[in-house]
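**Student:** When you line the sequence shown up against the UniProt record's numbering, it's residues 5 to 867, in that order.
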Amino acid sequence: PQRKYRADYQPPAWLIDDVELDFDIGSAQTHVRATHSVRRNPEGPAAEDWRLDGRDMTLVSVAIDGRRLGESEYTCGDSALVLHGPPEAFTLTVETRIDPEHNLSLEGLYRSGDILCTQCEATGFSRITYFPDRPDVMSRYVTRITADAQAHPVLLSNGDCVETGSAGAGRHYAVFEDPFVKPCYLFALVAGDLGVLRDSHTTPSGRTIDLRLYTEHGNEDQCAHAMASLKQAMVWDEATYGLEYDLDSYAIVAVGSFNMGAMENKSLNVFNTACIFAAPETATDDDFALVRDVVAHEYFHNYTGNRVTCRDWFQLSLKEGLTVHREHQFAIDQGSPGVTRIEQVRAIREVQFPEDAGPRAHPVRPESYVEMNNFYTITVYHKGAELIRMMEAMAGRDAFIAGVRHYLAKHDGQAVTIEDFVVAIEESTGLDLAQFRRWYAQAGTPRVGVQTDYREGALALTLTQSTPATPGQPDKAAFDIPVSVALFDEAGRMVREPEVLRLDTAQAEWCFDGLAGEPTVSALRGFTAPVRLDHAPDDAALARLMAHDSDPVCRWDAAQSLFLKTLVAGVAARSGGEALPEPSERLFEAIAHLLSNPPADRALLAAMLTLPSVARIGEEFDAIDIHAVCAARDHLKQAIATRFLEEFEALRADHAALQAYVFDVEEAGRRRVFRLALDYLAAVDAPGLRECALELSRTADNMTDRMAALEALRDLPGEARDTALAEFAERWADYPLVMDKWLRLQAGTRRADSVEQVTALLDDARFDFTNPNRVRALLGGFARGNPAGFHRADSGGYTLIADQVVRLDALNPQLAAALAGLLTPWRRHAEPEASAMRAALARVGEGVHSDNTREIVEAGLAE
Ligand code: HT7
Ligand code: ZN
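#1: With a threshold of 16 other CB atoms inside 10 Å of the CB of alanine 413, please say whether the residue is buried or exposed.
#2: Among the residues of its own chain, which have a CB less than 6 Å from the CB of isoleucine 621, if the five just before and after it don't count?
#3: Give me the Cα-Cα distance between threonine 753 and leucine 783, rounded to the nearest whole angstrom.
#4: Assess, as a yes-or-no matter, whether the segment 200 to 218 is touched by the segment 245 to 265 under the definition of 3 or more beta carbon pairs within less than 8 Å.
#5: Roughly how many angstroms separate the alpha carbons of glutamate 867 and glutamine 236, rounded to a whole number?
#6: Could you have a look at glutamate 220 and say whether DSSP puts it in helix, strand or coil?
#7: Which residues have their C-beta within less than 6 Å of a heavy atom of the ligand ZN, listed in chain order?
#8: Specify, as a first and last residue, the run of the alpha helix (DSSP H) that histidine 329 falls within.
#9: 9 Å is my cut-off, CB to CB: does proline 556 come that close to chain B?
#10: Identify which residue in Thr168, Pro836 and Asp855 has its Cα closest to the Cα of aspartate 629.
#11: Okay, do the segment 75 to 91 and the segment 53 to 60 touch, 3+ Cβ pairs below 8 Å being the bar?
#12: Assuming the contact rule is C-beta atoms closer than 8 Å, aspartate 144 and aspartate 26 should be a hit. Round their C-beta distance to whole Å, please.
#13: Quick check on this structure: which residue in Ala840, Cys188, Gly169 and Cys121 has the alpha carbon closest to the alpha carbon of methionine 142?
#14: Write down every uninterrupted run of the alpha helix (DSSP H) in the segment 566 to 619 whose length is 4 residues or greater and which is fully enclosed by it, in chain order.
#15: What are the complete beta strand (DSSP E) segments, minimum 3 residues, inside the segment 65 to 112?
#16: Identify every residue that forms a DSSP beta bridge with glutamate 181.
#17: Give the DSSP-derived three-state secondary structure of methionine 61 in the structure shown.
#18: Residues in the same chain with beta-carbon distance under 7 Å from leucine 765, minus the five sequence neighbours each way, listed in chain order, please.
#19: What's the gap between the Cα of tryptophan 443 and the Cα of arginine 694?
#20: If you compare alpha carbons, which of Asp289, Ile352, Glu220 and Pro49 is closest to threonine 277?
#21: On a CA-only basis, which of Arg10, Arg71 and Asp182 is nearest aspartate 21? Give me that one, please.
#22: By the DSSP assignment, the alpha helix (DSSP H) with phenylalanine 732 in it spans what residues?
#23: Below 8 Å on the Cβ atoms is my guess for leucine 537 versus alanine 527; work out the distance and round it to an integer in Å.
#24: By how many angstroms is the C-alpha of aspartate 668 removed from the C-alpha of valine 343?
#25: Pick from Asp316, Thr39, Thr100 and Ser31: whose alpha carbon is nearest that of aspartate 137?
#26: What are the start and end residues of the alpha helix (DSSP H) that includes threonine 646?
#27: The beta strand (DSSP E) that contains glutamate 431, what's its start and end?
#28: Closest by CA to valine 42, which one among Ala17, Ala51, Glu52 and Tyr9?
#29: Compute the Euclidean distance between the alpha carbons of valine 557 and lysine 641, then round it to the nearest angstrom.
#30: Could you check the C-alpha separation between methionine 711 and aspartate 289 for me, to the nearest Å?
#31: Can you tell which of Arg702, Leu598 and Ala335 has the C-alpha that lies nearest to the C-alpha of arginine 725?
#32: With H, G and I counted as helix, E and B as strand and the rest as coil, what does DSSP make of asparagine 263?
#33: With a threshold of 8 Å, are at least 3 pairs of Cβ atoms found where one atom belongs to the segment 361 to 369 and the other to the segment 281 to 299?
#34: What's the C-alpha gap between tyrosine 411 and threonine 127?
#35: Output yes or no for whether 9 Å exceeds the beta carbon distance between threonine 466 and glutamine 446.
#36: Buried or exposed: where does glutamate 859 fall if 16 or more other Cβ atoms within 10 Å of its Cβ makes it buried?
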């Protein structure tokens with residue numbers, strides 16, 4: 005496998021201005037005739053030969069200006085077609101045959117159920133025809149599709165449909181023209197027998213956009229929320245960024261077999277059904293929020309990604325970091341801003357920080373890769389979004405938005421770099437981002453230390469920074485880190501308004517004087533930078549912040565810190581073979597105060613009372629003793645449940661009186677508190693809980709409450725659990741996405757035989773190894789959601805995952821590589837888990853062949 009380096013970038017030698025694609029879809033194979041107007045790139049290298057990427061297809065013919073080429077004029081290999089000495093400008097015609105029926109990689113043209121669809125990002129287009137499969141070749145596309153009229157009554161591609169008709173012998177055709185230049189990764193084609201939900205949106209300038217959402221027949225009633233979300237996103241982008249949609253129609257197609265969440269193909273998004281379907285009976289509040297945010301994200305790409313795209317794949321964060329940031333702004337504007345931000349922070353801390361501290365740490369703009377699909381990471385997406393958020397904070401919202409508009413206007417129709425974006429923001433806002441650019445180049449999470457020295461009304465606040473070495477980057481230069489700080493007095497009153505301190509050296513000091521007494525420091529308010537904060541207020545100060553801080557993130561974080569103190573002590577005791585310590589009275593008092601003075605936002609109450617996850621607790625240790633972490637967490641949960649049994653009973657009863665389901669901030673917050681109460685009650689197997697949960701699993705009018713009931717029952721002994729799971733499976737047998745919840749519930753079970761349960765489910769008729777959603781639910785649900793089972797002492801959990809990665813690698817390398825990644829953080833664990841996990845990773849290495857999985861394994865095993 006060839007490693008590609010960012011530093012080796014060269015512009016394309018030839019450009020393609022116009023692409024005409026003619027798809028003749030047969031019952032087995034598909035014939036593709038591609039006609040391109042090609043010209044030499046005046047800014048490209050003076051190459052003699054021209055290499056077009058292509059794999060897994062049969063070349064039928066190749067012609068230049070209508071003349072079929074002889075064998076000496078080209079070479080066709082496993083991954084490319086090379087034209088020897090083509091002219092300076094010419095028309096190229098390439099005919100290929102492809103086999104969507106047997107394409108289980110889910111890249112290029114493939115079949116999902118009865119729908120034929122494409123996935124071209126990052127390099128799937130070269131499974132359709134020979135083409136320079138790189139985003140800096142931008143062309144106008146005309147696409148003609150011919151197919152059987154009965155099997156595929158709906159034919160779709162990018163742009164406007166300009167012609168349809170009969171093709172004889174029961175076949176029909178449609179022609180599409182996309183007036184905007186685009187890279188080939190945004191090409192899409194869909195053919196199938198689809199139901200459609202239609203709507204329209206009128207833009208501020210008075211244009212009416214035709215909106216269509218296609219799914220397999222019978223699912224139309226699951227699509228109303230996605231359609232409403234699309235309209236919300238359009239209105240938000242118009243009002244916030246002044247961006248109006250630029251074509252007359254916008255279509256989304258939902259398919260059941262999809263490697264990721266969704267794809268932003270120009271005017272024809274293709275979505276995983278999991279990111280479209282949402283009805284109260286079948287989807288939880290979290291699913292509703294996910295659908296809303298993914299629909300918005302893909303819509304926002306129309307400008308940030310499609311109109312202005314990436315020059316090369318090293319620049320992926322140019323479109324993804326910026327679009328995730330826009331999605332985050334949108335989500336925050338939909339209500340419950342505090343808890344929405346807390347969820348964003350949790351993703352960074354619990355998933356991105358570990359990635360940035362492990363063998364696969366890479367800068368937001370990576371320097372090299374073997375397989376691009378391995379770089380659709382939380383670092384590129386979410387850390388990338390945090391970098392954009394920092395720029396917004398430095399510029400102020402209005403100036404930042406003006407900066408993005410300047411960037412879009414300056415580079416419309418171009419394929420550009422992260423550097424081009426940063427320059428555009430500097431030009432528009434006047435910011436100096438010279439040092440800030442290091443965030444894109446250096447991997448690793450900076451540690452920011454906070455020290456205070458209070459004397460006679462003055463507080464000296466010292467901030468320090470250091471960043472640990474990451475693979476290939478032993479030494480780090482100082483980052484430019486915005487740290488928002490406010491001060492509170494003993495009574496919890498704010499005595500210094502929030503101020504953003506810029507830490508751009510290894511150490512700096514600020515002085516706050518005129519204080520009446522020693523203040524409590526509230527730092528990194530709103531999580532102004534993706535850093536670890538070494539700040540250790542005492543318990544009294546944490547309780548004060550928990551009760552009074554006006555920033556929900558800091559309030560929540562103070563609660564987390566208080567919990568973490570007990571948990572860290574518990575892990576240490578357990579690892580040392582001692583009894584688990586009881587929580588302090590101070591902790592109970594803080595919880596009591598919170599329960600009797602709850603925040604107006606119920607979801608914030610639930611977030612503050614939720615214990616840090618196993619992943620978050622693990623972050624406190626150099627070598628994680630995972631079983632001690634689980635034991636300490638269980639113990640603390642039981643101690644809190646025992647102390648506040650009555651209060652949790654009351655919260656449960658309070659919810660029982662609710663009316664019909666509505667997805668809004670208020671009601672979702674109430675359901676979240678209810679779920680939390682059930683979780684605590686289940687921790688002590690509270691009297692009557694099993695009966696109540698079983699009853700609720702039968703009668704709830706919505707999936708959120710039903711799942712809360714099943715999660716509460718899942719780890720309890722007795723018949724109620726098995727009865728509830730069996731009834732659930734029977735009732736929802738025809739809803740694959742609901743059956744994913746059933747798989748995930750069992751994969752996460754805390755029973756000693758969870759490995760055997762998951763193994764048995766692999767052969768269950770309700771599981772399908774070729775479908776990524778099923779695989780993610782069962783195997784991902786196990787490896788991520790069941791730490792006790794995954795890390796089981798006999799290594800059964802590791803072996804199970806390793807064997808399934810090897811099996812999956814032959815079908816769907818992209819998914820296999822993602823699953824293999826779960827074995828790579830072995831160095832973070834204590835013995836004997838570390839060695840056993842490493843051995844499982846080595847076992848994967850011996851059995852897999854794809855570049856995707858090999859790259860992950862090699863990084864994971866590198867010294
Ligand atoms: N731009 C997309 C990323 C993507 C993808 C989506 C589906 C299947 C395979 C894929 N490879 C890359 C999704 C997004 O970030 O919006
Ligand atoms: Zn995206």
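Cβ atoms here follow ideal geometry from the backbone N, Cα and C, with glycine treated the same way. Remember, it's a predicted structure, so these values are computed and weren't measured experimentally.
**Tutor:** The answer reads as follows:
#1: exposed
#2: Leu571 and Val633
#3: 13 Å
#4: yes
#5: 49 Å
#6: strand
#7: His301, His305, Glu324 and Thr327
#8: 320 to 337
#9: In the structure shown, chain B cannot be found, because there is only a single protein chain.
#10: Pro836
#11: yes
#12: Checking the sequence, you will find arginine at residue 144 rather than aspartate. Arginine 144 to aspartate 26, Cβ: 16 Å. No contact.
#13: Cys188
#14: 589 to 600 and 606 to 613
#15: 78 to 80, 84 to 87 and 93 to 102
#16: Val146 and Asp164
#17: coil
#18: Leu747, Gln750, Phe771 and Leu782
#19: 50 Å
#20: Glu220
#21: Asp182
#22: 723 to 735
#23: 6 Å
#24: 14 Å
#25: Asp316
#26: 630 to 647
#27: Taken as a continuous stretch (DSSP letters only), glutamate 431 belongs to no beta strand (DSSP E), being part of the alpha helix (DSSP H) at 422 to 433.
#28: Ala17
#29: 22 Å
#30: 10 Å
#31: Arg702
#32: coil
#33: no
#34: 26 Å
#35: no
#36: buried
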